[in-house]
Structure formats: structure tokens, C-alpha cells
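Enquirer: Going by the numbering used here, the letters in the sequence shown line up with residues 2 to 276, in that order.
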Amino acid sequence: MLGFLLWQLGPILGSFYIALTDWRIAGAPSWVGFNNFRRILAEDRLFRISLGVTAYYSLGSVPLRLLAAFTLAVLLNQRVRGLPVFRTIFYLPSIVPLIASSVLWIWLFNPDFGLLNTILVPLGVPRLQWIYGTATVIPALVLMSLWDVGPMMVIFLAGLQGVPRQLYEAVEIDGGNPWHKMRHVTLPMVTPTILFNLILSVIGAMQTFVQSYVMTDGGPDNASLLYVLYLYNKAFEQSQMGYASALAWILFLIIVGLSVLLFRSSSRWVYYAGR
């Protein structure tokens with residue numbers, strides 16, 4: 002409880018107080034009430050741009066990451082030789098520091114000598130600008146987000162291994178094929194795991210920062226100005242700590258709203274064996 006009060010609740014309440022002030026770090030904070038929130042919602046064009054960019058990125062990365070992690074988990078749940086080696090290989094990228102992997106992907110995305118264009122251009126694909134084009138920068142970051150689905154894959158794998166084998170045997174007795182097993186047994190039984198990974202993925206996507214900070218700095222033309230990068234710029238480049246705290250609280254309320262919405266909708270599609 003003491004740790005929670007000191008390191009969690011205290012900073013949270015402190016940030017809310019700062020959000021109600023005009024604090025430039027160098028001087029003392031001055032009380033402005035909800036003026037920061039009013040300016041953000043009514044006057045800040047970059048706030049709307051960053052929110053739209055973040056929504057675009059989240060709508061692309063969340064379903065693709067879930068699909069990729071679930072597909073890998075299904076494949077790695079099969080009984081094949083060398084299974085621990087394959088599981089290790091697919092998990093390894095997730096332990097690479099994000100800054101290091103971002104630098105690696107800068108090279109992969111280079112339009113002139115990057116590996117991706119080197120492979121795609123001979124196949125007849127036009128030379129893509131990737132993170133250097135306004136239309137391709139977010140799809141490129143979404144593609145990069147598939148790099149570290151290892152932890153999500155492990156969670157899916159744990160859910161798959163908890164599915165009772167007798168349910169698959171019942172499908173086989175009734176003449177079902179692998180698709181019937183997936184549709185009527187696997188997917189319903191792992192819906193609690195899907196919900197868990199979905200909520201974590203939404204929260205993680207809304208808080209994405211390092212990729213755009215290291216690789217694009219919000220460019221080109223604010224096309225990759227993710228919300229947390231904009232918040233960071235306000236706090237640590239422009240020293241507007243009160244304004245940045247207000248941005249943080251708006252993001253917090255958005256994430257809470259999305260989480261509540263997902264939890265409320267779960268009663269329609271999540272199956273719990275005990276119910």
C-alpha cells in the first residue's frame with residue numbers, strides 16, 4: 002500500500018494538479034484551472050492531428066498484431082520436432098531493446114538501399130518511400146509493430162494449451178475437420194485470452210512513442226506525430242509541463258473509455274467455461 006501511494010497514486014494526483022497550472026519548469030506554477038484542457042480541445046490543431054495519427058496506427062497495428070500472434074501460437078502449438086527452438090526464435094525479437102530495433106528498421110526502410118526495397122523492386126513492386134513518405138509512414142510503422150509479438154504469442158500459446166483435448170476428440174468423432182475444430186472449439190475457448198491481449202494491445206498502441214521518436218520525429222509533415230510523441234515535445238522540448246499533463250490526462254481518459262467499452266462488449270463474444 003505504501004508503494005502504491007508513493008509511486009502510483011501520488012504522481013497521478015500530482016500530474017492532475019500540474020494539468021491545472023501553467024508551469025514552464027523554470028518558474029513557479031500558476032493556477033489556470035481547466036484552461037489547458039479548453040485550449041487543447043478547442044484550439045490545438047496538432048492535438049487533433051496526433052490523435053488521428055494514433056487512431057490510424059492503432060486501427061492498423063492492433064488487429065494485425067493479434068492475428069500474427071495467434072497464428073504463430075497455433076503453429077507453435079503443434080507437435081513437431083525442435084519446437085522449443087522455433088518458440089525461442091519467434092520470441093527473440095521481443096527482447097531486443099526497442100531503440101536498437103528502431104535503428105535496424107531505419108536501415109530496412111531506406112528507400113535507396115534498404116533490404117525491403119531490394120527484395121520488392123525486382124518483383125515488380127514500385128520503390129516505396131516507407132517512413133520517408135506521408136502516405137506510407139504509418140503502414141511502415143504498423144509493419145514494424147509485428148516484429149515484437151513474442152509476449153502476446155506466449156500468452157496465446159498458454160491459452161491454447163488450456164483447451165481440453167476431449168473437445169477436439171468430440172469434433173473428430175462427429176466427422177469434423179481442422180476448420181471445425183478452429184471455429185467451434187479453439188476460438189470460443191481462447192476468447193478470454195483474446196480479450197486480454199486486445200486490451201493490452203490497445204493500451205500499448207495508444208502509448209507508442211519510441212518508434213516515431215527515433216525513426217521519424219513525427220515527420221514527414223506530422224504524418225507520424227503520434228500522441229505520446231506530441232506530449233513529449235510539449236513537456237521536454239517546449240517545457241510546457243502543465244499543458245503536457247493535461248494531454249496525458251486526456252489520453253488516460255481515452256484509454257479508460259476504450260477499456261470500459263471492450264469490457265462491456267465482452268459479454269457478447271467472450272466465452273467463460275464457468276458460466
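Built from N, CA and C at the ideal position, the CB exists for glycine as well.
Can you tell me the Cα-Cα spacing of Arg-25 and Met-242, whole angstroms?
Expert: Looking up residue 25 in the sequence shown gives position 24. Looking up residue 242 in the sequence shown gives position 241. So the two alpha carbons sit approximately 6 Å from each other.
Enquirer: So for Asp-149, helix, strand or coil by DSSP?
Expert: Walking along the sequence shown from the start, residue 149 turns up at place 148. In this structure, Asp-149 counts as helix in the three-state DSSP scheme.
Enquirer: If Val-75 sits next to Leu-199, beta carbons under 8 Å apart, how far is it from one beta carbon to the other, in whole angstroms?
Expert: Counted from its first residue, the sequence shown places residue 75 at position 74. Counted from its first residue, the sequence shown places residue 199 at position 198. No, Val-75 and Leu-199 are not in contact; Cβ-Cβ is about 17 Å, not under 8 Å.
Enquirer: Assuming Ser-202 and Val-63 make a contact with CB atoms under 8 Å, what is their CB distance in whole Å?
Expert: The count along the sequence shown starts at 1 and reaches residue 202 at position 201. The count along the sequence shown starts at 1 and reaches residue 63 at position 62. Confirmed, about 5 Å.
Enquirer: I need the boundaries of the alpha helix (DSSP H) containing Glu-44, first residue and last residue.
Expert: The count along the sequence shown starts at 1 and reaches residue 44 at position 43. First-last for Glu-44: undefined, no H or E at that position.
Enquirer: For Tyr-18, count the other beta carbons within 10 Å of its own beta carbon; 16 or more makes it buried, fewer makes it exposed. Which is it?
Expert: Here residue 18 refers to the residue found at position 17 of the sequence shown. By the 10 Å Cβ count, Tyr-18 comes out exposed.
Enquirer: Would Pro-140 and Gly-61 be called neighbours here (beta carbons separated by less than 8 Å)?
Expert: Indexing the sequence shown from 1 puts residue 140 at position 139. Indexing the sequence shown from 1 puts residue 61 at position 60. Going by C-beta atoms, Pro-140 is nearer than 8 Å to Gly-61.
Enquirer: State buried or exposed for Asn-37, treating a residue as buried only when at least 16 other CB atoms are found within 10 Å of its CB.
Expert: The count along the sequence shown starts at 1 and reaches residue 37 at position 36. Result: buried.
Enquirer: For Met-216 and Trp-106, which I take to be in contact (beta-carbon distance under 8 Å), what is that distance rounded to the nearest angstrom?
Expert: On the sequence shown, residue 216 is found 215 positions in, with the first residue counted as 1. On the sequence shown, residue 106 is found 105 positions in, with the first residue counted as 1. Contact flag correct, Cβ pair sits at about 7 Å.
Enquirer: Would you mind reading off the limits of the alpha helix (DSSP H) that contains Lys-235?
Expert: By one-based count along the sequence shown, residue 235 stands at place 234. Neither: Lys-235 is in no alpha helix (DSSP H) and is coded neither H nor E.
Enquirer: Take the Cβ of Leu-52 as the centre, count every other Cβ of all protein chains shown within 10 Å, and call the residue buried at 16 or more, exposed below.
Expert: Position 51 of the sequence shown, counted from the start, is the residue given in the question as residue 52. Leu-52 is buried by the Cβ-count criterion.
Enquirer: How many angstroms separate the CA atom of Leu-147 from the CA atom of Ala-206?
Expert: Taking the first residue of the sequence shown as position 1, residue 147 is located at position 146. Taking the first residue of the sequence shown as position 1, residue 206 is located at position 205. Each residue's alpha carbon lies about 12 Å from the other.
Enquirer: Given 7 Å as the limit, tell me if Phe-38 has its C-beta closer than that to any heavy atom belonging to the ligand PLP.
Expert: The ligand PLP is not among the ligands present in this structure, which contains no ligands whatsoever.
Enquirer: Given a cut-off of 8 Å on the beta-carbon distance, is the pair Phe-197 and Ile-256 in contact?
Expert: Position 196 of the sequence shown, counting from 1, holds the residue named residue 197. Position 255 of the sequence shown, counting from 1, holds the residue named residue 256. Cβ atoms of Phe-197 and Ile-256: not closer than 8 Å.
Enquirer: Taking all protein chains shown into account, decide if Phe-114 is buried (16 or more other Cβ within 10 angstroms of its Cβ) or exposed.
Expert: In the sequence shown, residue 114 corresponds to position 113, counting from 1. It counts as exposed.
Enquirer: Decide yes or no for the touch test of the stretch 185-195 against the stretch 255-272: beta carbon pairs closer than 8 Å, at least 3 of them.
Expert: yes
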